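For the sequence shown, the numbering used here assigns the number 1109 to the initial residue and increments by one for each residue that follows.
Just below is one structure, and these are the notes that go with it.
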Amino acid sequence: VQLQASGGGLVQAGGSLRLSCAASGSIFSPNAMGWYRQAPGKQRELVATISRGGSTNYADSVKGRFTISRDNDRYTVYLQMNSLKPEDTAVYYCHADFAGPDYWGQGTLVTVSS
C-alpha cells in the first residue's frame, strides 16, 4: 500500500491550502484516515482524523480553520486549511489505518509566511 500526498506549498498568513492523499495498492477501503504534522524540532502531532463513516476529530489548534474529508470510492483523504498561521508551518503526513496494518505518506511541506 502506498499513500501519495500532494498540495503543500508556500502561502501567506491568512491564506488557504488543500492537501490530498490517495491510497493505492489495496482492495480494501481504509478505516480511519488522517493528517499529522511535524514542525522543525518538534514531535509529530495529530491534526485531524476521519473514520470511514465520516466521524471527525481535530486538534484544538486547528478547530474551526481546518476541515478533513474523504472520498471512500477513491481511497482519498483531503485537508482544507483556511486562515493559516505561521505556526501551521510543518511537514504534513497522511495516515491510513487498514484495521491492522497502517501506512504513512511521504509528507508534504506547508510553509506559512508572516
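Yeah, the Cβ is synthetic: ideal placement off N, Cα and C, and Gly gets one too.
What you are looking at is a predicted structure, and each value in this text was computed from that prediction instead of being measured.
Next on the checklist: Which residues does DSSP list as the beta-bridge partners of R1165?
Outcome noted: For the record, residue 1165 in the displayed sequence is Asn; it is not Arg. DSSP, once it has assigned bridges, lists T1157 as partnering N1165.
Checklist entry - Any idea if I1176 is buried or exposed, counting beta-carbon neighbours within 10 angstroms, 16 or more meaning buried? => result Looking at its Cβ environment, which holds 16 or more other Cβ atoms inside 10 Å, I1176 is buried.
Next on the checklist: Quick check on Q1125: buried or exposed, where buried means 16 or more other Cβ atoms within 10 Å of its Cβ?
Outcome noted: Reading off the sequence, residue 1125 comes out as Leu, not Gln. It counts as buried.
Next on the checklist: Would you say R1126 lies against chain D (beta-carbon separation less than 8 Å)?
Outcome noted: The structure shown contains no chain D, having only a single protein chain.
Next on the checklist: Measuring straight from C-alpha to C-alpha, what distance separates E1195 and A1147?
Outcome noted: Between the alpha carbons of E1195 and A1147 lies a gap of roughly 8 Å.
Checklist entry - How about S1132 and F1206: are their beta carbons less than 8 Å apart? => result no
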